[in-house]
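*Asks:* Residue numbers (the working numbering): 1180 to 1294. All C-beta atoms, glycine included, are put in the ideal place defined by N, C-alpha and C. Quick caveat: nothing in here was measured; it's all calculated off a predicted structure.
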């Protein structure tokens, strides 16, 4: 079990770092796309928690999803073909509050799995 303690500690530190990074953005700028071929910044706010949740809880432990839509939406950033532009608009994305609620639940589930 000492390894799990270490993993929880590292995960907590990583979350603190990424939370700080995302806190530096004005909320409206999270819906911008600094690189035309990539996702909007808001994708990455949900991506980190979705990745942890999907890898640990869903696929490794076989837990049922608590939010299938977000699990899929934030699962992976697929690289588009070079020169192709993303077609979504900011309003296609969930609100920051919805994403934060998802992140809280995902973190709670991952933390419980690592107990």
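How many Å lie between residue 1282 and residue 1189 at the Cα?
*Replies:* Within the chain shown, the letter at position 103 stands for residue 1282. Within the chain shown, the letter at position 10 stands for residue 1189. Cα-Cα distance, rounded: 17 Å.
*Asks:* Round the Cβ separation of residue 1250 and residue 1243 to the nearest angstrom and send it over; I've been treating them as touching at under 8 Å.
*Replies:* Residue 1250 sits at position 71 when you count from the first residue of the chain shown. Residue 1243 sits at position 64 when you count from the first residue of the chain shown. Not confirmed; about 11 Å, so no contact.
*Asks:* I need the boundaries of the alpha helix (DSSP H) containing residue 1278, first residue and last residue.
*Replies:* The count along the chain shown starts at 1 and reaches residue 1278 at position 99. Looking at the DSSP string, the run of the alpha helix (DSSP H) that includes residue 1278 is 1275-1292.
*Asks:* Helix, strand or coil for residue 1270 per DSSP?
*Replies:* Here residue 1270 is taken as the residue at index 91 of the chain shown, counted from 1. Residue state, collapsed to three classes: helix.
*Asks:* Output yes or no for whether 8 Å exceeds the beta carbon distance between residue 1293 and residue 1209.
*Replies:* Position 114 of the chain shown, counted from the start, is the residue given in the question as residue 1293. Position 30 of the chain shown, counted from the start, is the residue given in the question as residue 1209. Going by C-beta atoms, residue 1293 is not nearer than 8 Å to residue 1209.
*Asks:* To the nearest angstrom, how far is it from the Cα of residue 1248 to the Cα of residue 1233?
*Replies:* In the chain shown, residue 1248 corresponds to position 69, counting from 1. In the chain shown, residue 1233 corresponds to position 54, counting from 1. Approximately 12 Å between the Cα atoms of the pair.
*Asks:* Identify which residue in 1181, 1211, 1191 has its Cα closest to the Cα of residue 1231.
*Replies:* One-based indexing of the chain shown puts residue 1231 at position 52. Nearest option by C-alpha distance: 1191.
*Asks:* Looking at the unbroken alpha helix (DSSP H) that takes in residue 1181, where does it start and where does it end?
*Replies:* Taking the chain shown and counting its residues from 1, one reaches residue 1181 at position 2. First-last of the alpha helix (DSSP H) with residue 1181: 1181-1202.
*Asks:* With residue 1248 as the anchor, note down where its alpha helix (DSSP H) starts and where it stops.
*Replies:* Residue mapping note: residue 1248 aligns to position 69 of the chain shown, counting from 1. Note, residue 1248: alpha helix (DSSP H), 1247-1252.
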